[in-house]
Each structure stands twice: as structure tokens, then as C-alpha cells.
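Numbering (our numbering), first residue to last: 77 to 382.
See below:
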């Protein structure tokens with residue numbers, strides 16, 4: 077069974093990663109606020125004021141996907157624990173730096189990452205440290221469970237660093253829907269089940285081979301010989317059923333399969349902090365826990381419409 081992982085922020089923004097994962101995988105793992113446990117009463121009051129309503133609206137389109145088992149919380153407890161540790165690690169650098177500047181021995185811990193803080197961040201996108209902690213935690217949980225982490229390729233500093241730190245293994249072209257809601261995904265999964273089933277099996281084997289230490293060239297050969305034809309078949313079938321979908325068109329995206337250090341997001345933040353303190357870029361150490369990363373990138377405008 078092909079399981080892929082995304083962050084809860086991908087569900088809020090309806091990202092390309094969410095669209096591809098929800099169509100392609102048997103099940104998609106994502107951290108939910110419930111995985112972080114109950115918040116204190118003050119936090120609950122605060123989120124009920126504004127953020128809870130905004131969060132409920134942002135995630136309302138996913139209700140059917142949770143009900144159908146497309147979205148699941150199989151790794152929720154693991155991601156939640158790693159996210160708490162990551163938040164503490166992210167906060168430690170600025171606190172220690174401030175303590176050194178102020179000659180103070182007292183270091184105040186950052187607010188605990190609980191359900192209220194995650195909901196507030198999902199609703200307002202106001203705390204980048206929460207998003208960074210959740211992405212780092214999801215990557216590490218994927219490394220533990222040998223599951224692929226799916227993320228959008230981008231131009232932000234963190235995106236570029238992850239891109240440079242990822243060993244490319246193979247590339248594919250796959251379809252995603254323009255409109256993303258639970259009914260569209262459920263209908264597409266049903267209509268495309270025939271080409272999806274063998275593609276899921278093939279991708280699961282490629283991901284397992286990457287975690288087993290396969291070299292890039294053999295993986296590329298397997299993808300070219302076996303996986304790419306199955307992906308092409310899915311694209312052709314997506315084109316053929318597009319007329320059967322109301323108000324939904326399909327787009328093509330590029331999927332890069334690669335291997336990256338599972339703590340690259342955390343080390344990037346720490347390296348940036350040390351670089352500012354030392355007035356020079358900080359080196360990134362190797363990680364003994366690699367994660368398979370599937371980077372989703374929009375194709376050029378003239379190739380994007382399938």
C-alpha cells in the first residue's frame with residue numbers, strides 16, 4: 077500500500093503536493109491538531125475567538141477524505157512528538173543567543189506546541205517556526221517509517237536549500253486537478269483506479285529501494301522502464317475522463333524523487349542563525365536519517381495543460 081505524507085499546511089493552502097498525494101496514494105498521512113492533545117483552557121479560549129472558525133473553514137473541504145480513509149493519522153503521534161522537539165530546538169538558538177548578549181543565565185522556554193498553537197498557525201500562517209517544526213517533524217517521521225514526504229518545490233531560501241541537499245533519483249510527469257475538494261478527489265480516484273493501482277505498486281517499490289540504499293542510476297533505469305510508462309498511462313486516462321468532470325480540469329506537474337537529510341529544515345534554520353551571529357555561512361553536517369522526498373513542481377505554462 078502506497079502511503080505518502082504531507083504537512084497540514086498543504087491541506088490549508090490546497091497545495092500541489094496535497095493534490096498529487098491525495099490522488100496518487102492509497103492513504104495520505106498528515107498531522108492534525110488532535111494529534112497534539114488537549115490545549116490548556118487559556119489556549120482554547122483564544123482559538124475559539126477567531127482561529128478555530130478560520131481553521132474549520134480552511135479544512136472543511138477535507139471532511140470526506142478523512143471519512144473515506146484517504147487522509148489518515150497513522151503517523152500522527154510520531155509527528156507530534158518530533159514536532160514538539162523541533163519547536164524546542166528551533167527556539168533554543170535565539171534564546172541562547174539572547175542569553176549570551178544579555179549575560180543572563182535564565183533562558184525562557186518557547187510556548188509549547190499544542191493543538192491551539194497549531195490551529196492558530198494553520199488559520200493565520202502567522203508563526204513560521206510552527207510550520208518549520210511540523211515540516212521537519214514530518215520528514216523525520218517519514219524516515220522512521222520509510223514513507224515518502226511530498227512537498228512543493230519553490231524559490232524560498234528553505235526550498236532552495238532542500239533542493240541543493242537532495243540527491244536526485246528520478247523524475248516523472250503526473251496529473252493533478254485544478255480544483256481541489258473532497259468530491260473531486262474521490263471521483264478522480266474512482267475513475268482512475270485502473271491506471272492508479274499499478275503505478276502505486278511501482279512507486280512503492282521505488283521508494284523502498286531508495287530507503288534500502290539503491291544508487292541513482294538503477295533507480296532511474298527502473299523508473300524509465302517501468303514507472304514512467306505507468307505515469308504516462310495515468311496522464312492519458314486523465315485526459316480522457318476530463319470531459320466527465322464538471323468544473324474541473326487537469327494539470328501536469330513534474331515529480332522529482334530524491335533523498336535528503338531528514339533534519340534539513342532544522343539545520344537550515346540553525347545554520348542561518350549561526351551565520352548571522354558569526355557573519356559567515358554555517359556548514360551543514362550530514363544526517364544519518366535520510367528521507368525520500370517527492371518534490372512537486374508546476375510545469376512551464378506551455379506544457380502545463382494536459
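For glycine and all other residues, C-beta sits at the position ideal for the given N, C-alpha and C. Owing to the predicted nature of the structure, the values given are computational and were not obtained by experimental measurement.
Contacting residues, own chain, Cβ-Cβ under 7 Å from residue i (five flanking each side not counted)
{"i": "residue 214", "result": "81, 83, 107, 155 and 225"}
{"i": "residue 136", "result": "none"}
Distance between residue j and residue i (C-alpha atoms, nearest Å)
{"i": "residue 270", "j": "residue 330", "result": "21 Å"}
{"i": "residue 197", "j": "residue 303", "result": "37 Å"}
{"i": "residue 315", "j": "residue 299", "result": "22 Å"}
{"i": "residue 211", "j": "residue 111", "result": "15 Å"}
{"i": "residue 102", "j": "residue 328", "result": "20 Å"}
{"i": "residue 193", "j": "residue 267", "result": "39 Å"}
{"i": "residue 291", "j": "residue 367", "result": "15 Å"}
{"i": "residue 98", "j": "residue 167", "result": "33 Å"}
{"i": "residue 344", "j": "residue 129", "result": "33 Å"}
{"i": "residue 369", "j": "residue 326", "result": "23 Å"}
{"i": "residue 183", "j": "residue 206", "result": "Unreliable placement is indicated for residue 183, whose pLDDT of 47 sits below 50; no coordinate value is reported for it."}
{"i": "residue 187", "j": "residue 164", "result": "9 Å"}
{"i": "residue 231", "j": "residue 220", "result": "28 Å"}
{"i": "residue 297", "j": "residue 339", "result": "29 Å"}
{"i": "residue 201", "j": "residue 157", "result": "21 Å"}
{"i": "residue 309", "j": "residue 203", "result": "41 Å"}
{"i": "residue 278", "j": "residue 151", "result": "23 Å"}
{"i": "residue 313", "j": "residue 260", "result": "16 Å"}
{"i": "residue 374", "j": "residue 149", "result": "28 Å"}
{"i": "residue 251", "j": "residue 195", "result": "30 Å"}
{"i": "residue 229", "j": "residue 236", "result": "8 Å"}
{"i": "residue 293", "j": "residue 301", "result": "12 Å"}
{"i": "residue 272", "j": "residue 238", "result": "28 Å"}
Check whether residue i and residue j have beta carbons under 8 Å apart
{"i": "residue 311", "j": "residue 249", "result": "yes"}
{"i": "residue 254", "j": "residue 319", "result": "no"}
{"i": "residue 346", "j": "residue 78", "result": "no"}
{"i": "residue 336", "j": "residue 234", "result": "no"}
{"i": "residue 365", "j": "residue 240", "result": "no"}
{"i": "residue 93", "j": "residue 199", "result": "no"}
{"i": "residue 88", "j": "residue 153", "result": "no"}
Own chain partners of residue i with C-beta closer than 8 Å, once the 5 adjacent residues on each side are dropped
{"i": "residue 295", "result": "245, 246, 282, 285, 286 and 333"}
{"i": "residue 262", "result": "140, 141, 144 and 146"}
{"i": "residue 178", "result": "Unreliable positioning characterises residue 178 in this predicted model, as indicated by a pLDDT of 49, which lies under 50. A coordinate reading is not provided."}
Member of the options whose CA lies at the smallest distance from the CA of residue i
{"i": "residue 372", "options": "113, 234, 91 and 223", "result": "91"}
{"i": "residue 161", "options": "375, 99 and 189", "result": "189"}
{"i": "residue 86", "options": "78, 131, 127 and 77", "result": "131"}
{"i": "residue 138", "options": "252, 77 and 258", "result": "258"}
{"i": "residue 104", "options": "276, 238 and 301", "result": "276"}
{"i": "residue 100", "options": "264, 153 and 228", "result": "264"}
{"i": "residue 222", "options": "127, 289, 228 and 134", "result": "289"}
Same chain, Cβ closer than 6 Å to residue i, five either side skipped, listed in chain order
{"i": "residue 274", "result": "306"}
{"i": "residue 159", "result": "189, 209, 210 and 213"}
{"i": "residue 321", "result": "none"}
{"i": "residue 256", "result": "90 and 95"}
{"i": "residue 181", "result": "Its pLDDT being 46, under 50, residue 181 is placed unreliably in this model, and the coordinates cannot settle the point."}
{"i": "residue 317", "result": "267"}
{"i": "residue 218", "result": "81, 225 and 367"}
CB contact below 8 Å: residue i versus chain E
{"i": "residue 204", "result": "Looking at the structure shown, chain E is missing, and only one protein chain is on hand."}
Which ranges would you report for the alpha helix (DSSP H) in the segment 213-271 if only whole runs of at least 4 residues count? If we require 4 residues or more, the alpha helix (DSSP H) runs fully inside the segment 213-271 come out as 233-241 and 258-267.
Would you mind listing the beta strand (DSSP E) stretches within the segment 291-350 that are 3+ residues and don't spill past its ends, in chain order? For the segment 291-350, whole beta strand (DSSP E) runs of length 3 or above, ordered along the chain, are 326-337.
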